[in-house]
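Quick note on numbering: the sequence shown equals residues 6 to 160 in this note's numbering.
In this text, a Cβ means the ideal position worked out from N, Cα and C, and glycines have one as well.
Only a predicted model underlies this, so the values are computations on that prediction, with no experimental measurement involved.
So the structure is just underneath, and the comments pick up after that.
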Amino acid sequence: MPLLAWLLSAALCTPLHLALPCTCVPATPPSSRAAALEFAASFDAVFEGRVLSVTTVPDSQAMSDHGAFHRWSEDRALIAVTRRWKGAPTDTVRVHSAAQTTMCGFGFEAGARVLMFATLDSLHTLTTSKCTPSLVWGAEAERLARLLGRPQSRR
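Spelled out as structure tokens, the structure:
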């Protein structure tokens, strides 16, 4: 019984913004070139790059949910673009994501090679999350890059 009381107490005392889990269901990865291009069309930028640095900004994002106000920290990754299929007009771009993976944050790590699918938010900032097909480089990222075909030439 004391354990149950402790768990109930912990649940009731946890701030709401810490208790909201990520609830997205990532889309099924495309299996053909046509499906990959259609998939990429819904994003503002699709590119491969290397994460140069990650800065976490505490309490930088906020949203109102039926009168409740939630704040969370944000990761801002500086990424050197090595190949681009869409968007990402410069050789380095900054991409934002929630800092916590429980808030659907991507989980940037400096030095990582990534395949990014990003959208522009209302402030024209590139954003991504673990709900997008963005990936740390591996077999699935390589497969998606092949399906996307030839990247755009450098500008």
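Distance between beta carbons of residue j and residue i, contact taken as under 8 Å
| i | j | result |
| --- | --- | --- |
| TRP90 | ALA45 | 6 Å |
Residue i - partner residues in DSSP beta bridges
| i | result |
| --- | --- |
| SER102 | ASP80 |
| PHE122 | VAL51 |
| SER58 | LEU83 |
| THR97 | ALA85 |
Simplified DSSP state of residue i, which is helix, strand or coil
| i | result |
| --- | --- |
| THR28 | coil |
| LEU128 | coil |
| ARG155 | coil |
| THR87 | strand |
| THR133 | coil |
| THR19 | Low confidence applies to THR19: its pLDDT is 38, below 50, so where it sits in the model is not reliable, and the reading given next is rough at best. If DSSP states are grouped into helix, strand and coil, THR19 belongs with coil. |
Residue from the options with nearest C-alpha to residue i
| i | options | result |
| --- | --- | --- |
| ARG99 | GLY110, THR133, SER127 and PRO26 | THR133 |
| PRO26 | LYS135, ALA146 and GLN157 | LYS135 |
| GLU53 | ARG38, ALA123, ARG81 and CYS29 | ALA123 |
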